[in-house]
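Visitor: Residue numbers for the sequence shown follow the UniProt record's numbering, so the first one is 1 and each next one is one higher. Note that CB positions come from ideal geometry on N, CA and C, so glycine has one too. For reference, the structure I am asking about is given below.
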Amino acid sequence: LFQELAHKENKCIIVVTHSQEVAKKSDRAVYLSKKKLVVNEI
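Below you can see the structure in the form of structure tokens.
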């Protein structure tokens with residue numbers, strides 16, 4: 001629902017989660033790994 005709304009309205013929605021399942025549904029995910037930010041664009 002959030003992704004559909006964001007694409008339709010050309011908006012950014014930020015979700016903070018520990019769930020890999022939720023992260024997999026995003027267009028872009030930013031992870032903290034070994035004190036560094038890692039960006040994955042899907």
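1. Return the CA-CA distance between residue 90 and Gln-3, expressed in angstroms with no decimal places.
2. Classify residue 55 as helix, strand or coil using the three-state DSSP reduction.
3. Measure the beta-carbon distance from Val-30 to Val-22 and round it to whole angstroms, keeping in mind my assumption that it falls under 8 Å.
4. By the three-class DSSP mapping on this structure, what secondary structure does residue 43 have?
5. Mind checking who Ala-6 pairs with in its DSSP beta bridge?
Guide: Looking at the coordinates:
1. What is shown of the chain runs 1 to 42, which leaves residue 90 out entirely.
2. Absent from the structure is residue 55, since the part of the chain shown begins at 1 and ends at 42.
3. Numbered from its first residue, the sequence shown carries residue 30 at position 30. Numbered from its first residue, the sequence shown carries residue 22 at position 22. Incorrect: roughly 13 Å between the Cβ atoms, too far for contact.
4. Nothing can be reported for residue 43: it is not among the residues displayed for the chain, which extend from 1 to 42.
5. In the sequence shown, counting from the first residue as 1, residue 6 sits at position 6. The partner list for Ala-6 (beta bridge, DSSP) is empty, contrary to what the question assumes.
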